[in-house]
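Structure record follows, encoded as structure tokens.
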Amino acid sequence: MQLANTVDQIARKAKKAAATLPHISSEQKNSVLTTVAELLMQQRAEIQQENARDLDAAREKGLSAAMIDRLTLSDAVIASMVSGIKEVISLPDPIGNIDNLAVRPNGLQVGRMRVPLGVIAMIYESRPNVTVDAAALCFKAGNA
Numbered sequence: 002m003q004l005a006n007t008v009d010q011i012a013r014k015a016k017k018a019a020a021t022l023p024h025i026s027s028e029q030k031n032s033v034l035t036t037v038a039e040l041l042m043q044q045r046a047e048i049q050q051e052n053a054r055d056l057d058a059a060r061e062k063g064l065s066a067a068m069i070d071r072l073t074l075s076d077a078v079i080a081s082m083v084s085g086i087k088e089v090i091s092l093p094d095p096i097g098n099i100d101n102l103a104v105r106p107n108g109l110q111v112g113r114m115r116v117p118l119g120v121i122a123m124i125y126e127s128r129p130n131v132t133v134d135a136a137a138l139c140f141k142a143g144n145a
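Right, here's the structure in full:
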């Protein structure tokens with residue numbers, strides 16, 4: 002039951018954040034993402050220390066060597082995570098872009114405007130770097 006409560010609390014906070022994120026400027030989003038990238042590098046040792054605990058638990062549970070390899074946050078993997086964040090920073094902000102704009106005979110303009118979805122939930126296994134990649138993309142697109 003504790004896990005269900007934790008998930009429920011996270012979902013409620015995400016829903017609240019989803020109301021705010023679409024209104025954050027591109028500059029603010031890029032600033033936050035830059036800070037995240039910097040903190041990943043600055044706190045690399047602490048992250049790897051906690052990752053070592055996860056790896057020990059994975060070995061105790063008998064996970065395969067391939068699975069443990071995917072769970073491992075080496076310096077190269079963390080550098081790749083930082084590189085991925087920087088790539089997201091370089092992308093244009095998608096919010097408000099209008100695609101396929103067409104003018105009807107009566108003068109009405111019809112198009113598709115990009116808007117955030119709201120709350121994004123992901124299920125995946127064994128790749129902690131996916132968390133950072135997905136979070137950066139969701140944040141840039143104004144999703145929680």
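For any residue, its number in the numbering used here is found by taking its place in the sequence shown, counting from 1, and adding 1.
Cβ coordinates follow ideal geometry from the N, Cα and C atoms, glycine included.
- Task: Kindly give me the distance between the Cβ atoms of ALA53 and VAL83, rounded to whole angstroms, as I take these residues to be in contact under 8 Å.
- Result: Counted from its first residue, the sequence shown places residue 53 at position 52. Counted from its first residue, the sequence shown places residue 83 at position 82. Under the criterion of beta carbons closer than 8 Å, ALA53 and VAL83 do not qualify as touching, at roughly 20 Å.
- Given a cut-off of 7 Å, decide if LEU56 and LEU41 are closer than it, judged by their beta-carbon atoms. As a first step, residue 41 is located in the sequence shown; it is residue number 40 there, counting from the start. As a first step, residue 56 is located in the sequence shown; it is residue number 55 there, counting from the start. Going by C-beta atoms, LEU41 is not nearer than 7 Å to LEU56.
- Task: Indicate whether the contact test is met: 3 or more Cβ pairs, each with one atom in the region 62-76 and one in the region 105-119, closer than 8 Å.
- Result: A contact between stretches requires three or more CB pairs, one per stretch, nearer than 8 Å, and the region 62-76 fails this requirement with the region 105-119.
- Item | Simplified DSSP state of ARG13, which is helix, strand or coil | As a first step, residue 13 must be located in the sequence shown, where it is residue number 12. In the three-state DSSP reduction, ARG13 falls in the helix class (H, G or I).
- Roughly how many angstroms separate the alpha carbons of GLN29 and ASP94, rounded to a whole number? Residue 29 sits at position 28 when you count from the first residue of the sequence shown. Residue 94 sits at position 93 when you count from the first residue of the sequence shown. One alpha carbon belongs to GLN29, the other to ASP94, and they sit about 11 Å apart.
- Look at the alpha carbon of ASP76 and the alpha carbon of ALA46, and state the distance between them as a whole number of angstroms. Counting from 1 along the sequence shown, the entry for residue 76 is found at position 75. Counting from 1 along the sequence shown, the entry for residue 46 is found at position 45. Computed Cα separation, rounded: 9 Å.
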